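FYI, in this note's numbering the residues of the sequence shown are 90 to 194. Just so you know, even glycine gets a beta-carbon here, dropped at the ideal spot from N, CA and C. From a predicted model like this one, the values you see are computed outputs, not experimental measurements. The block underneath contains the structure these notes are about, expressed in structure tokens.
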Amino acid sequence: VLKVSLKSVKVDKKTGTVRAVTLTIKTSKGSKTVLCSSFRAGTGLRSCKITKLSTGANKVHFEGHGYGHGIGMCQDGAHGMAKQNYKYKEILKHYYPGSTLSVVK
């Protein structure tokens, strides 16, 4: 049995949109800085857009917004539109108004 006590987790670096880039995790055995994207993938955290973070009693509580990579398209919403027979161009226009779609050769 590995006996490690969680001391704290903090956001070290953010993008301009408050999305966490790196987190520092402090335990009774030391500290480690990790990429939030890696932490997210390994823990099931839904997004690195963290608005509030608290630690205590070997627990971490995250609050935030979004789900995924933060590029602007809701995967569940796009899937729902596709199930309603929207074409891919209509879905893209909905999420990225004013953009154009072109073929790159």
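Straight-line spacing of the CA atoms in L124 and A171 works out to 33 Å. For T132, the enclosing alpha helix (DSSP H) has its first and last residue at C125 to T132. The stretch 145 to 152 and the stretch 162 to 179 do not touch, with fewer than 3 CB-CB distances between them shorter than 8 Å. Excluding five sequence positions before and after L142, the CB atoms of its chain that fall closer than 8 Å to its own CB belong to V98, K99, V100, V149, H150, F151 and E152, given in chain order. According to DSSP, residue pairing for V98 in a beta bridge involves I114. Ranked by Cα distance from A146, the options T116, K182 and K194 are led by T116.
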